[in-house]
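Presented below is the structure to which this report refers.
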């Protein structure tokens, strides 16, 4: 017997969440908290 799998049918709200995160400066906050090991991209740039 296999475990039930989650299915996401709509992702309409994710753009709003991303806009809010960028609007409040979350990428900069995360980049200041987590030490950077690469000069090419920030952690938030890699996640988006």
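Numbering (full-length UniProt numbering), first residue to last: 1 to 48.
We treat Cβ as the ideally placed atom computed from N, Cα and C, and that holds for glycine.
As assigned by DSSP and simplified to three states, the class of residue i
i, result
"residue 31", "helix"
"residue 17", "helix"
"residue 23", "helix"
Same chain, Cβ closer than 8 Å to residue i, neighbours up to 5 away in sequence not counted
i, result
"residue 53", "Lying outside 1 to 48, the shown extent of the chain, residue 53 is not represented and no answer is given."
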